Structure formats: structure tokens, C-alpha cells
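Engineer: For the sequence shown, full-length UniProt numbering gives the first residue as 1, with consecutive numbering after it.
The beta carbon of each residue, even a glycine, is placed where N, CA and C say it ideally should be.
For clarity, every value in this text was computed on a predicted model and none was experimentally measured.
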Amino acid sequence: MYRRWRDVGGLLADVLDAASYDDWQPEDTGSLPGDLAALNHQIQTALTAQPPITTALIAASFRSDEAARALQRFWEDRYARCEIVVQRAARRGDIPAHTNARQLLIAATAPLYHQLILLRTPPDPRLPDHAARSAALAASAGAFSNPGGCPFAPSAGGANGTRLS
């Protein structure tokens with residue numbers, strides 16, 4: 001192992017980087033709440049799987065700069081792939097055209113990470129759907145809408161601050 005990777009962080013970085021070569025795409029259920037719920041169910045499954053590979057990768061990112069950078073690249077890739085969920089909803093007229101995809105996706109998925117990773121609570125089978133409905137309702141009311149761009153986004157392009165208009 002140490003011939004190829006200097007440490008466990010290097011190994012985990014390769015694992016995370018390999019995930020960017022898969023063909024995963026978010027499900028298209030025909031509705032924003034449905035798409036977000038499908039995404040949340042996948043997240044809950046990954047966070048509660050045994051052995052806990054996803055949580056181990058997250059934990060390793062706090063111990064290795066290389067793993068942390070790889071995890072950041074992984075999240076950027078996943079947010080970019082999930083942006084289509086928000087674009088479809090905007091095209092259907094379910095949410096404002098200038099909805100910030102990153103903000104909406106974080107709002108929809110954050111409750112799962114908070115409950116399962118931070119609080120370490122047992123999985124609640126209702127949480128993925130509830131979080132999805134709540135975020136979709138907030139988005140339809142314009143909560144993630146910012147015609148001038150998103151001042152909270154880490155950068156001004158891609159899923160970070162994309163305006164869909």
C-alpha cells in the first residue's frame with residue numbers, strides 16, 4: 001500500500017477521485033420534491049451503509065489534507081451533476097428561473113448529514129422526503145432566488161452560483 005500511496009489519505013483521495021468517473025446522475029421523477037427525495041434516499045442509504053464507507057471517507061478528510069482536497073473535488077462534481085434537478089424544475093416553472101442550485105441542494109440534503117453524521121441519530125425513514133419537500137417549498141417561494149447572483153457561493157460559476165435564467 002505504501003509504495004503507491006504515502007498514507008491512508010492518499011488512498012482515500014484515489015477512491016474519491018475514481019468516483020468522478022462513474023456515470024451516476026440524479027433521478028428524474030418529474031417533480032422537484034420527487035427528485036430531491038430520491039437524492040436524499042440515496043444519501044441516507046450511503047450514510048447508513050455497513051461498513052460505513054461514506055462516513056469513513058468524510059472522517060478521513062479531517063485527518064488528511066490530500067483526502068480533504070479529494071472530498072472537495074468529489075462534492076463539486078456531485079453538486080454539478082445535481083444541478084440538472086434545479087434546471088428541470090425551473091424549466092417546468094416550479095421554481096424561479098434564477099434559483100441558486102447550490103443553495104437549494106444544500107438545503108435539501110443538509111438535514112440528512114446533520115442528523116446522521118453530526119448528531120449520529122438513527123435513520124428516520126421520513127427524513128429524506130420531509131427535507132426534500134421543505135426545500136422544494138422554500139424554493140418555490142423564492143427562498144433561493146437571487147437575480148443578481150449568490151453572495152454566499154464559494155465561486156461565481158458552475159453549481160456554486162449558477163443562475164438558471
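Taking only three categories from DSSP, how would you classify residue 121?
Structural biologist: Residue numbering aside, residue 121 sits at position 121 when the sequence shown is read from its first letter. In this structure, residue 121 counts as coil in the three-state DSSP scheme.
Engineer: Could you say if the stretch 5-25 and the stretch 66-78 meet the contact criterion of at least three C-beta pairs nearer than 8 Å?
Structural biologist: yes
Engineer: Does DSSP put residue 150 in a helix, a strand or coil?
Structural biologist: Against the sequence shown, residue 150 aligns to sequence position 150. Because residue 150 sits at a pLDDT of 49, beneath the cut-off of 50, its placement in the model cannot be relied upon, and the point is left open.
Engineer: Between residue 117 and residue 48, which are expected to be in contact by the criterion C-beta below 8 Å, what is the C-beta distance as a whole number of angstroms?
Structural biologist: Indexing the sequence shown from 1 puts residue 117 at position 117. Indexing the sequence shown from 1 puts residue 48 at position 48. Going by Cβ atoms, the distance from residue 117 to residue 48 rounds to 10 Å, so no, they are not a contact pair.
Engineer: Going by C-alpha distance, which of 113, 30, 102 is nearest residue 201?
Structural biologist: The structure shown does not extend to residue 201, since the chain is modelled only from 1 through 165, so no value can be given for it.
Engineer: Measuring straight from C-alpha to C-alpha, what distance separates residue 108 and residue 146?
Structural biologist: Mapped onto the sequence shown, residue 108 falls at position 108. Mapped onto the sequence shown, residue 146 falls at position 146. For residue 108 and residue 146, the gap between their C-alpha atoms comes out near 18 Å.
Engineer: Specify whether the stretch 115-133 and the stretch 71-88 touch according to this definition: at least 3 beta carbon pairs, one from each stretch, less than 8 Å apart.
Structural biologist: The stretch 115-133 and the stretch 71-88 do not touch, with fewer than 3 CB-CB distances between them shorter than 8 Å.
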